[in-house]
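Residue numbers (the working numbering), protein chains in the order written: chain A, 1 to 305; chain B, 306 to 610.
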């Protein structure tokens with residue numbers, strides 16, 4: 001994990017994640033999905049506007065969050081300048097004490113997966129610096145050999161991986177919910193893979209360095225996902241615009257505060273478009289409301305105050 | 306398709322693809338997976354070496370090929386400079402009369418998938434130019450709503466999409482070969498999705514603009530894949546280093562010459578490391594051998610001379 005530096009001994013990723021969540025009293029992940037049509041910047045050069053937008057959004061909503069989650073697609077649309085802006089957003093997030101979840105949903109095999117892993121995490125030698133992400137989303141359709149190299153590269157960099165298990169979109173049902181002849185569904189098989197790949201990586205706090213993306217839109221799945229992946233941190237997209245509700249997330253927090261990372265993007269960044277006011281104040285208020293709901297829920301689940 | 310310009314009327318993607326294959330008498334796809342440790346360039350600056358490597362590889366092996374397939378991971382490892390080098394490789398390939406298959410295996414929903422599609426194909430308005438790829442690989446784990454936006458963006462740009470159906474790696478079996486309770490396997494369900502999304506897009510030559518990635522390493526799958534996707538162009542990775550053999554590819558060519566696009570990377574670019582000689586000559590000879598084998602096989606399948 002990039003910005004720890006608290007001790008020289010390597011601490012388990014899950015322990016560091018837990019510490020970050022505790023310190024910020026937040027499980028909220030600020031989605032950075034910059035829409036070229038609705039940036040918080042009117043600078044004429046698109047990449048400059050992108051950069052200013054990210055800075056302003058991080059400054060406004062970041063204090064209520066534990067992490068930012070840049071959506072790589074949106075940066076790639078800006079070409080090479082977008083990659084530079086992405087690097088700057090990562091630096092700004094780290095400087096603000098936030099973790100960075102690179103949301104690119106990559107997935108490929110052997111040397112290719114290793115190259116993705118290196119480019120997202122710690123790089124490949126001094127001349128090829130990686131992005132320095134603390135977590136990255138990974139697509140497991142191609143199987144274990146398409147996920148393992150990401151896990152290795154993440155471990156080498158003190159980072160973690162979040163494997164797509166059950167996504168929050170309507171179309172997810174077609175493949176992920178398909179019933180298997182041997183019992184269970186495709187997403188449950190993916191959950192088994194997550195559990196296996198993470199095994200043995202947990203530290204004192206009990207969380208592995210291989211987590212899962214589990215949509216917040218189908219609460220029934222969460223209970224089952226937690227049973228299948230007792231030590232995985234869950235990234236929970238789908239709150240807000242997609243219809244998911246914080247109060248349905250209880251199973252995520254069972255292994256601890258950091259067991260559920262609640263991701264929201266449009267409902268924070270576009271809060272002023274619904275509720276009025278300056279973008280900064282509206283975003284901060286929306287983020288603070290989400291942070292508080294998630295924190296209170298995790299307190300209730302854990303029986304803490 | 307970027308560089309056609311032969312007539313003003315929009316021609317079907319599959320017809321243009323067929324025309325290109327016929328004109329070059331080649332179904333060979335040159336994989337560009339530049340390995341920082343083994344570039345055909347000793348320029349000191351990594352991104353310069355990357356750029357020179359791609360230029361030299363395209364110049365050497367391109368004449369035997371119909372397309373190049375840059376592996377986006379390898380370029381991303383070079384950061385913003387890698388994105389510039391990728392753009393230059395695309396331009397060099399187009400200038401050499403080659404199609405470009407952007408191999409990034411992206412997959413995500415709605416606005417995110419649209420952003421990926423725009424960044425790979427035609428861009429989003431004058432200020433945000435896309436890469437200008439003619440085809441891109443897409444990961445369908447998230448379902449139809451994660452593939453459709455790629456298809457729309459490809460269509461708007463006169464390009465096509467190649468959906469992962471059955472990949473060539475050993476681990477592919479875990480999820481893709483899983484038997485479904487309703488019959489068939491996961492990959493067969495994905496094949497159904499490809500067939501459905503492509504429907505209605507074929508022109509005179511009978512090929513849709515939604516194709517499939519079907520590994521050449523399991524020949525038994527190819528026959529079945531062709532039955533399930535009669536109008537899809539197949540991208541066939543796994544020839545050479547991964548153990549696939551050209552002579553097993555017959556079913557791919559049943560709908561026509563362009564029904565099978567045979568992808569090879571390391572067996573061309575690293576040919577000199579096994580067989581000696583200058584990289585250029587070795588690569589050109591290796592590519593020419595593969596081109597000829599595939600062309601002859603397709604001739605035999607189609608009963609042409």
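Ideal placement from N, C-alpha and C gives every residue a C-beta, glycine not left out.
If we ignore side chains and look at the alpha-carbon of each, how far apart do residue i and residue j end up?
i, j, result
"residue 11 of chain A", "residue 203 of chain A", "8 Å"
"residue 369 of chain B", "residue 99 of chain A", "47 Å"
"residue 441 of chain B", "residue 23 of chain A", "43 Å"
"residue 329 of chain A", "residue 212 of chain A", "Nothing in the structure corresponds to residue 329 of chain A, since chain A is present only between 1 and 305."
"residue 395 of chain B", "residue 299 of chain A", "53 Å"
"residue 320 of chain B", "residue 333 of chain B", "17 Å"
"residue 21 of chain A", "residue 66 of chain A", "6 Å"
"residue 401 of chain B", "residue 388 of chain B", "20 Å"
"residue 6 of chain A", "residue 122 of chain A", "Confidence is the limiting factor: at residue 6 of chain A the pLDDT is only 45, short of 50, which leaves the residue's position unreliable, though a coordinate-based value still follows. Cα to Cα, residue 6 of chain A sits roughly 19 Å from residue 122 of chain A."
"residue 593 of chain B", "residue 587 of chain B", "10 Å"
"residue 412 of chain B", "residue 166 of chain A", "14 Å"
"residue 189 of chain A", "residue 349 of chain B", "46 Å"
"residue 138 of chain A", "residue 535 of chain B", "31 Å"
"residue 346 of chain B", "residue 362 of chain B", "10 Å"
"residue 216 of chain A", "residue 469 of chain B", "26 Å"
"residue 601 of chain B", "residue 160 of chain A", "48 Å"
"residue 364 of chain B", "residue 255 of chain A", "56 Å"
"residue 270 of chain A", "residue 410 of chain B", "30 Å"
"residue 132 of chain A", "residue 238 of chain A", "26 Å"
"residue 417 of chain B", "residue 423 of chain B", "10 Å"
"residue 76 of chain A", "residue 39 of chain A", "16 Å"
"residue 529 of chain B", "residue 519 of chain B", "11 Å"
"residue 280 of chain A", "residue 286 of chain A", "10 Å"
Just tell me which of the options has its CA closest to the CA of residue i.
i, options, result
"residue 419 of chain B", "B:460, B:498, B:377, B:390", "B:460"
"residue 172 of chain A", "B:572, B:335, B:450", "B:450"
"residue 290 of chain A", "A:255, A:236, A:78, A:44", "A:236"
"residue 68 of chain A", "A:14, A:134, A:81", "A:134"
"residue 205 of chain A", "A:227, A:258, A:187, A:247", "A:258"
"residue 406 of chain B", "B:568, B:599, B:606", "B:568"
"residue 218 of chain A", "A:197, A:170, A:180, A:209", "A:170"
"residue 397 of chain B", "B:366, B:384, B:416, B:423", "B:366"
"residue 375 of chain B", "B:359, B:578, B:551", "B:359"
"residue 430 of chain B", "A:251, A:191, A:210, A:78", "A:78"
"residue 336 of chain B", "B:597, B:571, B:607, B:576", "B:571"
"residue 227 of chain A", "A:244, A:251, A:34", "A:251"
"residue 220 of chain A", "A:210, A:245, A:120", "A:245"
"residue 249 of chain A", "A:268, A:208, A:207, A:301", "A:301"
Kindly list, in the order they appear in chain A, the residues whose Cβ is closer than 7 Å to that of residue i.
i, result
"residue 379 of chain B", "115"
"residue 388 of chain B", "79, 80, 83"
"residue 341 of chain B", "124, 128"
Count the other C-beta atoms from every protein chain shown that fall within 10 angstroms of the C-beta of residue i, then say buried if there are 16 or more, exposed otherwise.
i, result
"residue 4 of chain A", "Note that residue 4 of chain A scores 47 on pLDDT, short of 50, meaning its location in the model is unreliable; the coordinates nonetheless yield the value given after this. By the neighbour-count rule (16 or more Cβ atoms within 10 Å), residue 4 of chain A is not buried but exposed."
"residue 182 of chain A", "exposed"
"residue 458 of chain B", "buried"
"residue 222 of chain A", "buried"
"residue 547 of chain B", "buried"
"residue 504 of chain B", "exposed"
"residue 432 of chain B", "exposed"
"residue 176 of chain A", "buried"
"residue 608 of chain B", "exposed"
"residue 579 of chain B", "exposed"
Run through chain B and tell me which residues come within less than 8 Å of residue i, C-beta to C-beta.
i, result
"residue 46 of chain A", "432, 433"
"residue 149 of chain A", "Under the 8 Å cutoff, chain B gives no residues; its nearest Cβ is about 10 Å from residue 149 of chain A."
"residue 263 of chain A", "Those within 8 Å of residue 263 of chain A in chain B number zero; the least Cβ separation is about 13 Å."
"residue 118 of chain A", "382"
At a cut-off of 8 Å, is residue i close to the ligand FMN when judged by its beta-carbon and the heavy atoms of the ligand?
i, result
"residue 57 of chain A", "The ligand FMN is absent from the structure shown, which contains no ligand whatsoever."
Below 7 Å on C-beta distance, what does residue i contact in chain B?
i, result
"residue 107 of chain A", "410, 444"
"residue 317 of chain A", "Since the displayed chain A opens at 1 and closes at 305, residue 317 of chain A lies outside it and no answer follows."
"residue 71 of chain A", "417"
So which residues of chain A does residue i contact, with C-beta pairs closer than 8 Å?
i, result
"residue 338 of chain B", "111, 112"
"residue 476 of chain B", "109, 142, 143, 144, 145, 146"
"residue 469 of chain B", "141, 142"
Name the chain B residues that come within less than 9 Å of residue i, Cβ to Cβ?
i, result
"residue 186 of chain A", "446, 480, 483, 485, 491"
Interface residues of chain A around residue i at Cβ under 9 Å?
i, result
"residue 494 of chain B", "174, 175, 178"
"residue 554 of chain B", "None at all; the shortest Cβ gap to chain A is about 20 Å."
For this session: Let me know the beta strand (DSSP E) ranges lying completely inside the stretch 509–593 of chain B, each 3 residues or longer, listed in chain order.
Result: Residue ranges of uninterrupted beta strand (DSSP E) with 3 or more members, entirely inside the stretch 509–593 of chain B and ordered along the chain, are 515–519, 539–541, 565–569.
Problem set entry | Complete alpha helix (DSSP H) runs within the stretch 380–406 of chain B (minimum length 4 residues, chain order) | Taking only runs of at least 4 residues, the alpha helix (DSSP H) segments lying wholly in the stretch 380–406 of chain B are 384–400.
For this session: Counting only runs of 4+ residues fully inside the stretch 454–496 of chain B, write out the alpha helix (DSSP H) ranges in chain order.
Result: DSSP runs (the alpha helix (DSSP H)) wholly in the stretch 454–496 of chain B: 477–481.
Exercise. Which runs of the alpha helix (DSSP H) fall wholly inside the stretch 321–384 of chain B and span at least 4 residues, in chain order?
Worked result: List check, alpha helix (DSSP H) in window: 351–366, 377–381.
Problem set entry | Start-end ranges of the beta strand (DSSP E) lying completely within the stretch 403–457 of chain B, minimum 3 residues | Along the length of the stretch 403–457 of chain B, whole beta strand (DSSP E) runs at least 3 residues long occupy 404–411, 440–443, reported in chain order.
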